[in-house]
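Trainee:
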Amino acid sequence: MKVTVKKILRKYGYPTDKQQKATETFLELAKLLCKDLTD
1 MKVTVKKILR KYGYPTDKQQ KATETFLELA KLLCKDLTD
């Protein structure tokens with residue numbers, strides 16, 4: 001999933017110096033969403 005997020009960020013021209021933080025933020029949000037869906 002992390003690789004897919006990075007590919008999408010690159011595809012749409014997201015700055016490379018901010019990609020790591022954006023990827024981490026997205027994965028945290030995905031974890032929270034999954035947790036909410038399973039509760």
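Mapping of the sequence shown onto the numbering used here: residues 1 to 39, in sequence order. Note that the Cβ used here is the ideal one computed from N, Cα and C, for glycine as well.
1. Of the residues L33, K35, K2, L32, which one's Cα is nearest the Cα of Q19?
2. Mapping the DSSP letters down to three states, classify D36 as helix, strand or coil.
3. Taking the alpha carbon of T4 as the point to measure from, which residue in K35, G13, T23 has its own alpha carbon closest?
4. Measure the C-alpha to C-alpha separation of M27 and D39 and round it to an integer number of angstroms.
Mentor: Concretely, from the data shown:
1. Translated into the one-based positions of the sequence shown, residue 19 becomes position 19. Of the candidates L33, K35, K2, L32, the one whose C-alpha sits nearest the C-alpha of Q19 is K2.
2. As a working note, residue 36 is residue 36 in the sequence shown. If DSSP states are grouped into helix, strand and coil, D36 belongs with the helices.
3. Position 4 of the sequence shown, counting from 1, holds the residue named residue 4. Comparing Cα positions, the closest option is T23.
4. As a working mapping, residue 27 is identified with position 27 in the sequence shown. As a working mapping, residue 39 is identified with position 39 in the sequence shown. The question names Met, but residue 27 is Leu in the sequence shown. If I take the Cα positions, the gap works out to 18 Å.
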